[in-house]
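Just below is one structure, and these are the notes that go with it.
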Ligand SMILES: Cc1cc2nc3c(=O)[nH]c(=O)nc-3n(C[C@H](O)[C@H](O)[C@H](O)COP(=O)(O)OP(=O)(O)OC[C@H]3O[C@@H](n4cnc5c(N)ncnc54)[C@H](O)[C@@H]3O)c2cc1C
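Numbering (the numbering used here), first residue to last: 42 to 444.
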């Protein structure tokens, strides 16, 4: 199967990973079909932040100018750390990977998808909404895989990219042993009007909880808070606004006016955090896992979206470089696994530090942050670059580092 060049590719799932991969592989001249189970483009308007490495990948996907226009870039990368009372802890500055690419940008999820969808349209990618895979037969390695869709149609494909997220159906069919695991954290998010003077990212470190503020456009911001939930409770969506207010009742400082605004008229989201820590291989026969289907991370480093877009860029490079599909897919796992694993491990540690539940330990943590938060940020981004064999650029600092 492997000597024959790839022609037809099926991408399952039109999230950030699937849309980005459909773009990069269509740019290679492949015949790409992108399927999405939702019957229309329907994405949350809650926010996401994308760090500089992810923005660089969005540049490679051909959409950076539109993303910069729709989102809100923090030009100096400043993140203000406070405690839950609003008392300052320290400021850190995220690096940018190169001049012209901001250190961090917040954007509505719906806007990322609007922009990626427009790029897909210019490339003429065949998109099928309300479509899933009913059956997948890839047992004959010398022949294309046969996919039967939910409408009964059957088609052969040389490569099937599973970009169907943390609960991936294709992963379940191909790697049933890989299952998401609960991290026992819950995340609360709500969208608000952005006051003109609020243009930094904020993170308030509470006792057992963290609450952040991030601008996502000229007129909007979102707040996001994490809480340990050892028992994984279920909350009725109707009660989400009330519960969110209660969960963060002790928070004062810059988040207080937004928490006070949260009501039944607000767009509040509660998400139980799971992760997928899958060992290699991430491919079997003609099926490749990417994005959250392969490596969903806890959200504490804000890298999940960036990793998904980088996957798309790296896959394109490797399919260009390798004559043989199997070796390209092997090289993909070898290139991406150390990177994604590093992010997952770092993110888990940050989550644990934010979940300390006794006041004395929290105070000690905050004191330590005064001393070494910037160093930790610098080391994290240097390591990210070192683990990206396709970039390896030392990040620039837009700002003096704090001591
Ligand atoms: C609370 C929270 C906050 C986060 N914040 C950030 C952040 O600030 N920055 C950041 O970079 N990352 C963040 N992340 C991570 C980021 O959201 C994910 O890593 C990223 O969205 C993964 O994209 P994906 O395309 O792999 O998966 P998804 O976004 O889950 O997309 C999968 C798509 O596949 C479709 N699908 C599913 N099953 C099928 C099927 N059987 N057939 C067809 N289609 C199917 C789904 O409808 C969906 O459209 C956060 C995650 C969480 C949980």
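Glycine is no exception: its CB is placed at the ideal position from the N, C-alpha and C atoms. As the structure is a computational prediction, the values presented were derived from the model and not from experiment.
Which of helix, strand or coil does DSSP assign to residue i?
| i | result |
| --- | --- |
| residue 111 | helix |
| residue 421 | helix |
| residue 256 | strand |
| residue 164 | helix |
| residue 122 | strand |
| residue 128 | coil |
| residue 62 | helix |
| residue 276 | coil |
| residue 327 | coil |
| residue 394 | helix |
| residue 197 | strand |
| residue 415 | helix |
| residue 70 | coil |
| residue 144 | coil |
| residue 186 | strand |
| residue 54 | coil |
| residue 105 | helix |
| residue 137 | strand |
| residue 314 | strand |
| residue 154 | helix |
| residue 402 | helix |
| residue 222 | strand |
For residue i, verify whether its CB is less than 7 Å away from any heavy atom of ligand 1.
| i | result |
| --- | --- |
| residue 299 | no |
| residue 74 | no |
| residue 241 | no |
| residue 90 | yes |
| residue 112 | no |
| residue 446 | Outside the modelled stretch of the chain, which goes from 42 to 444, sits residue 446, for which no answer is possible. |
| residue 215 | no |
| residue 328 | no |
| residue 412 | no |
| residue 340 | yes |
| residue 309 | no |
| residue 79 | yes |
| residue 415 | no |
| residue 210 | yes |
| residue 314 | yes |
| residue 386 | no |
Output yes or no for whether 8 Å exceeds the beta carbon distance between residue i and residue j.
| i | j | result |
| --- | --- | --- |
| residue 48 | residue 260 | no |
| residue 51 | residue 232 | no |
| residue 133 | residue 418 | yes |
| residue 335 | residue 345 | no |
| residue 309 | residue 339 | no |
| residue 73 | residue 220 | no |
| residue 53 | residue 201 | yes |
| residue 113 | residue 256 | yes |
| residue 115 | residue 145 | yes |
| residue 388 | residue 341 | yes |
| residue 94 | residue 375 | no |
| residue 175 | residue 326 | no |
| residue 55 | residue 207 | no |
| residue 58 | residue 204 | yes |
| residue 178 | residue 223 | no |
| residue 81 | residue 170 | yes |
| residue 282 | residue 307 | yes |
| residue 98 | residue 426 | no |
Which whole-angstrom value describes the C-beta separation of residue i and residue j, a residue pair presumed to lie in contact below a C-beta threshold of 8 Å?
| i | j | result |
| --- | --- | --- |
| residue 373 | residue 359 | 5 Å |
| residue 266 | residue 289 | 5 Å |
| residue 396 | residue 294 | In fact, because the Cβ distance is near 20 Å, the residues do not count as touching under 8 Å. |
| residue 102 | residue 61 | 5 Å |
| residue 291 | residue 226 | Incorrect: roughly 18 Å between the Cβ atoms, too far for contact. |
| residue 157 | residue 64 | 7 Å |
Taking C-alpha atoms, which residue in the options lies nearest to residue i?
| i | options | result |
| --- | --- | --- |
| residue 106 | 142, 304 and 125 | 142 |
| residue 173 | 191, 162, 165 and 166 | 191 |
| residue 252 | 64, 74 and 120 | 120 |
| residue 46 | 350, 184, 268 and 139 | 184 |
| residue 69 | 76, 356 and 77 | 356 |
| residue 328 | 181, 211 and 109 | 211 |
| residue 378 | 428, 181, 104 and 274 | 428 |
| residue 128 | 404, 258 and 158 | 404 |
| residue 96 | 181, 108 and 88 | 108 |
| residue 21 | 285, 409 and 204 | Lying outside 42 to 444, the shown extent of the chain, residue 21 is not represented and no answer is given. |
| residue 330 | 312, 311, 162 and 353 | 353 |
| residue 243 | 236, 80 and 264 | 264 |
| residue 321 | 275, 216, 283 and 222 | 216 |
| residue 371 | 181, 324, 285 and 136 | 324 |
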